[in-house]
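There are 2 protein chains.
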Amino acid sequence: MIAEDMMKLGKKSSVIREIFEYGNKRKQEIGAENVFDFSIGNPSVPAPESVKKTILDLVENMDATELHGYTSAPGDMEVRKAIAAYINRTFDAGVNAEDIYMTVGAAASLTISIKALAQQGDEFITFTPFFPEYRVFVEAVGATLVTVASREEDFQVDVSTLEKAITEKTKAIILNSPNNPSGVVLTEETIQGICDLLEEKQKEYGHAIYIITDEPYRELVYDAIEVPYLINYYDNTIVGYSFSKSLSLPGERIGYIVVSNKMEQARDVFAAVCGAGRALGYVCAPSLFQRVAAKCIGQTSDISIYKRNRDLLYRSLEKYGYHCVKPDGAFYLFVQALEEDANAFCERAKKYELLLVPADDFGCPGYVRISYCVTTEQIERALPAFEKLAKEYEH
Amino acid sequence: MIAEDMMKLGKKSSVIREIFEYGNKRKQEIGAENVFDFSIGNPSVPAPESVKKTILDLVENMDATELHGYTSAPGDMEVRKAIAAYINRTFDAGVNAEDIYMTVGAAASLTISIKALAQQGDEFITFTPFFPEYRVFVEAVGATLVTVASREEDFQVDVSTLEKAITEKTKAIILNSPNNPSGVVLTEETIQGICDLLEEKQKEYGHAIYIITDEPYRELVYDAIEVPYLINYYDNTIVGYSFSKSLSLPGERIGYIVVSNKMEQARDVFAAVCGAGRALGYVCAPSLFQRVAAKCIGQTSDISIYKRNRDLLYRSLEKYGYHCVKPDGAFYLFVQALEEDANAFCERAKKYELLLVPADDFGCPGYVRISYCVTTEQIERALPAFEKLAKEYEH
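So the protein sequences, as listed, match chains Y and V. In terms of this note's numbering, the first sequence has 1097 at position 374, counting the first letter as 1, and numbering is strictly consecutive. In terms of this note's numbering, the second sequence has 931 at position 208, counting the first letter as 1, and numbering is strictly consecutive.
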């Protein structure tokens, strides 16, 4: 007699969460230093010192009723101006403060964008592997998530495969680059291919097909890799961003949406974003952290640690005989399981206290996700376990 | 081609917001001290000093990756324990930490509770006057808001009027006491009457009818008025709370839901709350302010200022010939307009730089809401304007 789908959703804890809880139990049993937990994407690097300083400064010096008071629903105007200015000096994207809507993190950026666009029967397309909550968010508004397989060799998008999936009902494509869980960054060539196809399909169907680009890992890229800024490639773009990973603030829930002003009826789409935020109960994004984000924008926590972790883990695992997807960004390594069933493989890994996430829920059976947002020391201590695990399969 | 209802919702700024924006413009024109803005419910009293101290202490002394990291979705367990303990020592309500779900403020408490309960075709009942967003939140899940008129003489609920509105489709009653916009606190007699009726109706229809009680103003009551704790009166109760008003933190978006463990299948309802939070994109409530709320729970900002404001405004307006609803709580005075059309009345009030909110959108045409969460000095300076406005109608 209550909303049964919500009840089921609430009871079905995510695989990641289950492994994480198992890890906590195991740590109590045998000591935290003996458990190699690679399950969860919680940044291990603290927020930059400037975040702390900014909080202290705001709390000491700003009027408390203003600091903790409601901002306007799309966010404090000074904050929106600071973010627009940053986007323009970084990506030359011609964004206005009025195009920015502050959100309660990347998940809210997505649910609001989807709610703003979706009509009954709409389809949203994303690419495997994908963050499993995309399905939850799309289905929550009565729309359908269509998944398209990425190219197996490099996990880029294959444009001809995408083309087959686009129908008259396609409302939007959800992109996530750098990708969770693969760590892959979509190349400019891939982006251009997707945009060209969508332009063509928009003409064919006579209506807009939007790109929603989910970018919490934008700054977490290595080796001078470029992450193309979608607004510069495609007019019907909505950017969803979060400071969770760049500033190591995942619990504070602070991010933003950019509705490209280059799209037709951009103000209508922006209004729909405001309406959706309101309907979902988002009154405004947390006021203190709106200001912290604006003041610390462009900085990142020390991501060199993630690069060191990636290099160590990637090289070692390849040496032990694992096949890894080359990770250019985020803090995940996506690895082929050494047997067909990734769940069985992860169970076997537990014998060595290695906690890995099978990628079935990410739409990629046969793979596992390794979150390397851990201490480098944990990786060093875990390497022999990875090696022993690989040896088990050497027959 | 986008979600038209969301676009309309985003474009239709609330009456309150429009008057507030008009006030800001007017303040620039004639000076802030000459505009008597009573439009918005933004607490004028700063957060208690302990909030500042707690933030500084947490930021200085707690590990940043933990402080700003994800908490579990229903909230940090220590925080939930602290809140449950507070509820039990204050109301003796037998609440467990596991019944608490931390939210991003009162609006989120409502949208999540409604999404957790609502099935297609459901009806939610509330009483006029009511906070206009209730309609937005209920309609966003495809359910219907049914409004029942409060008793004109004291704005308590008339149980026989409520009885006529309950149907087989009634999923829940939304209560809001102390009430926005009337300031009325529902008496224990009223609560008992509602609960008795609902028990009877539940038997008649053979299914649960829930009470969702929206309580951001619980602590803002005057003259030793008691606000009954619903869980002690009715098993199928979901409490929605926010620290926005009690701790003057409306911009920080921090509150909680309590699912009474006395209801049948309480764990299923709690799971549905978790599922709904997930589907709406609420990953966790802001982590710093979860801890601030837990540490400062039971304190309030200096609400004696609101009482002084209420007394001054209520006595003066009655003296000038206005008819006011007796306000026992919140920081709103609900006043009969001196002409039939409250919009016309509010327009005329603008001549005296008085910014009042017509209550049409609250479901009470002919009334205006005066938010007295302003400085006492503003009220003192505004009194002659109220007097002159009343005199205009003395013929």
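Beta carbons are placed, not taken as given, at the ideal position from N, Cα and C, and that holds for glycine.
For this session: On a CA-only basis, which of V/Ile739, V/Val827, V/Ala726, V/Ile806 is nearest Y/Arg976? Give me that one, please.
Result: Working through the first sequence from its first residue, we reach residue 976 of chain Y at position 253. Of the candidates V/Ile739, V/Val827, V/Ala726, V/Ile806, V/Val827 places its Cα closest to the Cα of Y/Arg976.
For this session: Just list the alpha helix (DSSP H) runs in the stretch 790 to 817 of chain V, keeping only unbroken ones of 4 residues or longer that don't cross its boundaries, in chain order.
Result: For the alpha helix (DSSP H) assignment, the uninterrupted runs of no fewer than 4 residues enclosed by the stretch 790 to 817 of chain V are, from N- to C-terminal side, 800 to 814.
For this session: Look up V/Cys918 in the DSSP assignment and say whether it is helix, strand or coil.
Result: Here residue 918 of chain V corresponds to residue number 195 of the second sequence, with the count starting at 1. Helix.
Exercise. Just the Cα atoms here: how many angstroms apart are Y/Met729 and V/Ala841?
Worked result: One-based indexing of the first sequence puts residue 729 of chain Y at position 6. One-based indexing of the second sequence puts residue 841 of chain V at position 118. One Cα belongs to Y/Met729, the other to V/Ala841, and the distance between them is close to 10 angstroms.
Exercise. According to the Cβ coordinates, are Y/Gly963 and Y/Ser836 closer than 7 angstroms?
Worked result: Working through the first sequence from its first residue, we reach residue 963 of chain Y at position 240. Working through the first sequence from its first residue, we reach residue 836 of chain Y at position 113. In terms of Cβ geometry, Y/Gly963 and Y/Ser836 form a close pair [threshold 7 angstroms].
For this session: Give the straight-line distance between the Cα atoms of Y/Tyr1029 and Y/Arg740, rounded to the nearest whole angstrom.
Result: The residue given as residue 1029 of chain Y occupies position 306 in the first sequence. The residue given as residue 740 of chain Y occupies position 17 in the first sequence. The alpha-carbon atoms of Y/Tyr1029 and Y/Arg740 are separated by roughly 22 angstroms.
Exercise. Beta carbon of Y/Lys703, beta carbon of Y/Tyr1055: below 7 angstroms?
Worked result: Chain Y is shown only over 724 to 1118; residue 703 of chain Y falls outside these bounds and no answer can be derived.
Exercise. Which residue spans inside the stretch 1062 to 1089 of chain Y form an unbroken alpha helix (DSSP H) run of at least 4?
Worked result: Qualifying alpha helix (DSSP H) stretches, in chain order: 1065 to 1073.
Problem set entry | Interface flag, Y/Arg1092 vs chain V, CB-CB below 7 angstroms | To locate residue 1092 of chain Y, count along the first sequence from 1; it is residue 369. Closer than 7 angstroms: no.
Exercise. Y/Glu938 by DSSP, collapsed to three states: which one?
Worked result: Walking along the first sequence from the start, residue 938 of chain Y turns up at place 215. Assigned with DSSP and collapsed to three states, Y/Glu938 falls in coil, not helix or strand.
Exercise. Is V/Leu1077 near V/Ala1113, with beta carbons less than 7 angstroms apart?
Worked result: Stepping through the second sequence from its first residue, residue 1077 of chain V is reached at position 354. Stepping through the second sequence from its first residue, residue 1113 of chain V is reached at position 390. For V/Leu1077 and V/Ala1113, no; Cβs fall outside 7 angstroms.
Exercise. Taking Cβ to Cβ, would you say V/Gln1013 is nearer than 7 angstroms to V/Val802?
Worked result: Residue mapping note: residue 1013 of chain V aligns to position 290 of the second sequence, counting from 1. Residue mapping note: residue 802 of chain V aligns to position 79 of the second sequence, counting from 1. Going by C-beta atoms, V/Gln1013 is nearer than 7 angstroms to V/Val802.
Exercise. Would you say V/Val1120 and V/Ile917 are within 7 angstroms of each other, going by their C-beta atoms?
Worked result: Lying before the first or after the last residue shown, residue 1120 of chain V is absent from chain V, which here runs from 724 to 1118.
Exercise. What separation, rounded to the nearest whole angstrom, lies between the Cα atoms of V/Ser795 and Y/Ile763?
Worked result: In the second sequence, residue 795 of chain V corresponds to position 72, counting from 1. In the first sequence, residue 763 of chain Y corresponds to position 40, counting from 1. Between V/Ser795 and Y/Ile763, the C-alpha separation is close to 12 angstroms.
Exercise. Within 10 angstroms of its Cβ, does Y/Asp684 collect 16 or more other Cβ (buried), or is it exposed?
Worked result: The structure shown does not extend to residue 684 of chain Y, since chain Y spans only 724 to 1118, so no value can be given for it.
Exercise. So is V/Val782 in contact with chain Y if we call contact Cβ pairs under 7 angstroms?
Worked result: On the second sequence, position 59 is the one that residue 782 of chain V refers to. Residue-level contact by beta carbon holds for V/Val782 and chain Y, with a gap shorter than 7 angstroms.
Problem set entry | Secondary structure of Y/Arg1092, DSSP reduced to three states | Position 369 of the first sequence holds residue 1092 of chain Y. Annotated three-state conformation of Y/Arg1092 is strand, per DSSP.
Exercise. Under 8 angstroms Cβ-Cβ, which residues of chain V neighbour Y/Cys1007?
Worked result: Translated into the one-based positions of the first sequence, residue 1007 of chain Y becomes position 284. Those are Gly974, Arg976, listed as they occur along chain V.
For this session: Could you name the residues of the stretch 786 to 797 of chain Y whose beta carbon sits closer than 7 angstroms to any beta carbon of chain V, in the order they occur along the chain?
Result: For the stretch 786 to 797 of chain Y, the set of positions with a beta-carbon nearer than 7 angstroms to some beta-carbon of chain V reads Ala787, Thr788, His791, Gly792, Tyr793, Thr794 in chain order.
Problem set entry | Bounding residues of the alpha helix (DSSP H) (the contiguous stretch that carries V/Lys750) | For the purposes of this step, residue 750 of chain V is identified with residue 27 of the second sequence, where counting begins at 1. 738 to 753 is the span of the alpha helix (DSSP H), which, as asked, contains V/Lys750.
Problem set entry | Nearest neighbour of Y/Glu942, chosen from Y/Gln915, Y/Asp1025, Y/Phe847 [CA to CA] | For the purposes of this step, residue 942 of chain Y is taken as residue 219 along the first sequence, with counting starting at 1. Nearest of Y/Gln915, Y/Asp1025, Y/Phe847 to Y/Glu942, Cα basis: Y/Asp1025.
Exercise. Who are the Cβ neighbours of Y/Arg874 in its own chain at under 6 angstroms, not counting the five residues just before and after it?
Worked result: Here residue 874 of chain Y refers to the residue found at position 151 of the first sequence. Correct list, in chain order: Asp881.
For this session: For V/Cys997, go through chain Y and note every residue whose CB falls closer than 7 angstroms to its CB, in chain order.
Result: To locate residue 997 of chain V, count along the second sequence from 1; it is residue 274. Within chain Y, the C-beta atoms nearer than 7 angstroms to that of V/Cys997 come from Gly733, in chain order.
For this session: Measure the alpha-carbon distance for V/Val996 versus Y/Tyr940 and round it to whole angstroms.
Result: Here residue 996 of chain V refers to the residue found at position 273 when the second sequence is read from its first residue. Here residue 940 of chain Y refers to the residue found at position 217 when the first sequence is read from its first residue. Each residue's Cα considered, the two are about 29 angstroms apart.
Exercise. At a Cβ cut of 9 angstroms, what residues of the stretch 800 to 824 of chain V count as close to chain Y, listed as they run along the chain?
Worked result: If the cut-off is 9 angstroms between Cβ atoms, the stretch 800 to 824 of chain V has nothing near chain Y.
Exercise. Quick one: is the Cβ of Y/Asp1051 within less than 6 angstroms of any heavy atom of the ligand NAD?
Worked result: The ligand NAD is not among the ligands present in this structure, which contains no ligands whatsoever.
For this session: Return no unless some Cβ of chain V is closer than 7 angstroms to the Cβ of Y/Thr910.
Result: Here the question's residue 910 of chain Y lines up with position 187 in the first sequence. Interface residue (Cβ-Cβ distance to chain V less than 7 angstroms): Y/Thr910 is not classified as such.
Exercise. What residues in its chain sit with their C-beta under 7 angstroms from that of V/Leu920, if we drop five residues either side in the sequence?
Worked result: As a working note, residue 920 of chain V is residue 197 in the second sequence. Around V/Leu920: Val882, Leu885, Glu886.
For this session: Compare the C-beta of Y/Ile778 with all C-beta atoms of chain V and state if any pair is closer than 7 angstroms.
Result: The sequence position of residue 778 of chain Y within the first sequence is 55, counting from 1. Answer yes: the Cβ-Cβ gap between Y/Ile778 and chain V drops below 7 angstroms somewhere.
Problem set entry | Boundaries of the beta strand (DSSP E) in which V/Val869 is found, first to last residue | Counted from its first residue, the second sequence places residue 869 of chain V at position 146. It spans 867 to 872 - the beta strand (DSSP E) in which V/Val869 sits, taken as one unbroken run.
For this session: Per DSSP, which residues does V/Val944 bridge with? Please list them.
Result: Mapped onto the second sequence, residue 944 of chain V falls at position 221. Note: V/Val944 sits in a beta bridge opposite V/Gly1052.
For this session: Given a cut-off of 7 angstroms, decide if V/Phe1057 and V/Arg1092 are closer than it, judged by their beta-carbon atoms.
Result: Mapped onto the second sequence, residue 1092 of chain V falls at position 369. Mapped onto the second sequence, residue 1057 of chain V falls at position 334. Their beta carbons are under 7 angstroms apart, which means V/Arg1092 touches V/Phe1057 by this criterion.
For this session: Starting from V/Ser762, trace the beta strand (DSSP E) both ways and give me its first and last residue.
Result: Locating residue 762 of chain V in the second sequence gives position 39, where the first residue counts as 1. Unbroken run through V/Ser762: none, as it is neither H nor E.
For this session: Name the residue from V/Tyr952, V/Ser969, V/Leu868 whose alpha carbon lies nearest to the alpha carbon of V/Val908.
Result: Taking the first residue of the second sequence as 1, we reach residue 908 of chain V at position 185. Closest by alpha carbon: V/Tyr952.
Exercise. At a CB-CB cut-off below 7 angstroms, which residues of chain Y make contact with V/Ala872?
Worked result: For the purposes of this step, residue 872 of chain V is identified with residue 149 of the second sequence, where counting begins at 1. Listed along the chain, the chain Y residues whose CB falls inside 7 angstroms of the CB of V/Ala872 amount to none; the nearest CB is some 26 angstroms away.
Exercise. Exposed or buried, which one is V/Ala863 when buried takes at least 16 other CB atoms within 10 Å?
Worked result: For the purposes of this step, residue 863 of chain V is identified with residue 140 of the second sequence, where counting begins at 1. It counts as buried.
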